Amino acid sequence: MLIILQAEWSTVTPTPLRRGPTAPIRLLGWLWRAGLFLFFVMIIAQLLLPPVTSSALERAIARGMGEPAEVQVRVRSFPAAEVAIGRLDHLSLVVKNGTVGGLPISRLEMQAAGVEIDLPRLLQEGRLEFSYGGPGQLKVTLSEADLDRVLKEYPISGLVDPVLRLQEGRAVVTGRVTLLGNELGLKLFGGFRIEGNAVEFVPQNLQVDGYDLGAAVTKKILSSYRLRLPVEFLPAGMNLRDVRVTPGALVITAGTKGTGQQTR
0 MLIILQAEWS
10 TVTPTPLRRG
20 PTAPIRLLGW
30 LWRAGLFLFF
40 VMIIAQLLLP
50 PVTSSALERA
60 IARGMGEPAE
70 VQVRVRSFPA
80 AEVAIGRLDH
90 LSLVVKNGTV
100 GGLPISRLEM
110 QAAGVEIDLP
120 RLLQEGRLEF
130 SYGGPGQLKV
140 TLSEADLDRV
150 LKEYPISGLV
160 DPVLRLQEGR
170 AVVTGRVTLL
180 GNELGLKLFG
190 GFRIEGNAVE
200 FVPQNLQVDG
210 YDLGAAVTKK
220 ILSSYRLRLP
230 VEFLPAGMNL
240 RDVRVTPGAL
250 VITAGTKGTG
260 QQTR
């Protein structure tokens, strides 16, 4: 007897092996993570570096004042990493009740662009040295008390115990003088104006013990009663633009060429 055995063959499809990411994909993933890390570093630097630099500048400027003064500094730079090497897109400075360049001031406001700071000297010695290549503006306000201090430091020849008062568009200086052995009250009326790159008080009229003198005598006497304000506070590259006498305050503005006359 013939027995036929029939076998049924089944074909099994092998499961393909899973392969890891190719080299280009791994590289793209690494670049993505590195880029994300750098992005967060830049964000953190943009948030932290300007305030830290502003605080360092405030401390350095306050030390340079030699007396208590309120100093506010704001810096701006993009990317902020440039702050670390002393490069600033913009610097804003406000000083209240300080002494700048030997001149007592109630308020100083300065704006400058394209600023470069000697950062190592600032951090190591606390000294502020900077230059700027962009436009700059400056506004200085002196009160009557500030100007009285200036009169004591830089007295008007022959005038004793001078006191300066400011009205709209006019300044009045009162004091005492000695003429022919007699002490008399003197009152000078005038204003402030720019002479070259300096600010001067220029008297225009005077009274002695309440009496007006003749024009000829007045003209001869007035030439000896002038006050010149030191302007060492003026940064290099800035020129005086305007000086205004307002009630209780003298306002001096300066700026680089092409920046206008006002600093607001």
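Numbering that gives the first Met the number 0 numbers the first residue of the sequence shown as 0 and each following residue consecutively. From the three backbone atoms N, C-alpha and C, an ideal C-beta is built for every residue, glycine too. Just so it is clear, the structure is predicted and the values come from calculations on it, not from any experiment.
Item                                                                                                    : Value
Cβ shell of A68 (< 7 Å), same chain only, five flanking positions each side left out                    : A61, V94, K95, N96, G97
V139 vs T255 beta-carbon contact at 9 Å                                                                 : no
Classification of L137 by the beta-carbon crowding that lies within 10 angstroms, buried from 16 upward : buried
Residues that D147 bridges to, as DSSP identifies them                                                  : Per DSSP, none; premise fails for D147.
Segment contact flag, the region 142 to 151 with the region 180 to 191, C-beta cutoff 8 Å, min 3 pairs  : no
Selection from V162, H89, S105 that minimises the alpha carbon distance to G132                         : H89
Same chain only: Cβ atoms within 8 Å of Q203, ignoring 5 sequence neighbours per side                   : F188, G189, G190, L221
Cα-Cα separation between G195 and V72, rounded to whole angstroms                                       : 30 Å
C-alpha distance - Q110 paired with T52, whole-angstrom precision                                       : 16 Å
Buried or exposed by the 16-neighbour rule on C-beta atoms within 10 Å, applied to I84                  : exposed
Buried versus exposed, by CB contacts within 10 Å (16 or more), V159                                    : exposed
Opening and closing residue of the beta strand (DSSP E) in which V250 lies                              : 248 to 254
Counterpart residues of F191 in DSSP-defined beta bridges                                               : F200
Status (buried if at least 16 other CB within 10 Å, exposed otherwise) for A144                         : exposed
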